[in-house]
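Under this note's numbering, the first residue of the sequence shown is numbered 2, with each subsequent residue one higher.
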Amino acid sequence: MHYTADPRVDAYIDALPEWQQAVCRQVRELVHAADPEVTETIKRTRQPYFELQGNVCALLAAKDHVNVFLYDGGLTPDPEHLITGGHGNKTGRTVAFYEGEAINAPALLEMFRSIIANNRAGGWRRIQKGQ
2 MHYTADPRVD
12 AYIDALPEWQ
22 QAVCRQVREL
32 VHAADPEVTE
42 TIKRTRQPYF
52 ELQGNVCALL
62 AAKDHVNVFL
72 YDGGLTPDPE
82 HLITGGHGNK
92 TGRTVAFYEG
102 EAINAPALLE
112 MFRSIIANNR
122 AGGWRRIQKG
132 Q
């Protein structure tokens with residue numbers, strides 16, 4: 002997959018332990034595979050964000066896991082039960098990956114595609130307002 006990598010995102014990932022690097026790289030590939038127009042940047046001084054007409058997701062490595070923050074307002078279906086936190090959060094939810102855990106790539110890819118579709122439809126706030 003070809004995309005324009007932000008060197009600041011590369012630096013963030015390269016500074017992590019090897020297993021966290023692998024998780025972040027796989028998530029990065031999946032979000033870009035969801036739509037070739039996804040861009041990446043750094044927000045909050047160091048956190049990688051992936052955007053397309055709004056936030057799609059962000060990465061945050063913690064001591065023993067990697068959080069993938071999904072900016073979906075709780076609208077994205079989760080039939081594979083990937084969501085590990087933020088179930089009641091009004092803006093986003095998280096998927097945490099721990100060392101040795103496999104990423105359910107097809108399910109996460111579909112979640113990214115759903116978030117992007119919602120962003121293209123005006124964003125989750127607008128969609129929720131219309132419900």
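Glycine is no exception: its CB is placed at the ideal position from the N, C-alpha and C atoms. Note that the coordinates shown come from a computational prediction; the quantities given were computed from them, not determined experimentally.
Asked	Found
R45 versus T92, V10 and A6, residue with shortest Cα-Cα distance	V10
For E38: DSSP bridge partner residues	Answer is none; E38 lacks a bridge partner.
Cβ contact check for the stretch 32-39 and the stretch 89-96: 3 or more pairs under 8 Å	no
Strand pairing of N68, partner residues [DSSP]	L61 and A97
Continuous alpha helix (DSSP H) stretch holding Q54: start and end	Per DSSP, Q54 belongs to no alpha helix (DSSP H) and is neither H nor E.
Rounded separation between A62 and K130 - CA only	33 Å
L60 vs V28 beta-carbon contact at 9 Å	yes
Straight-line Cα distance separating T77 from E102	22 Å
Buried or exposed (CB count within 10 angstroms, at least 16 for buried), D73	buried
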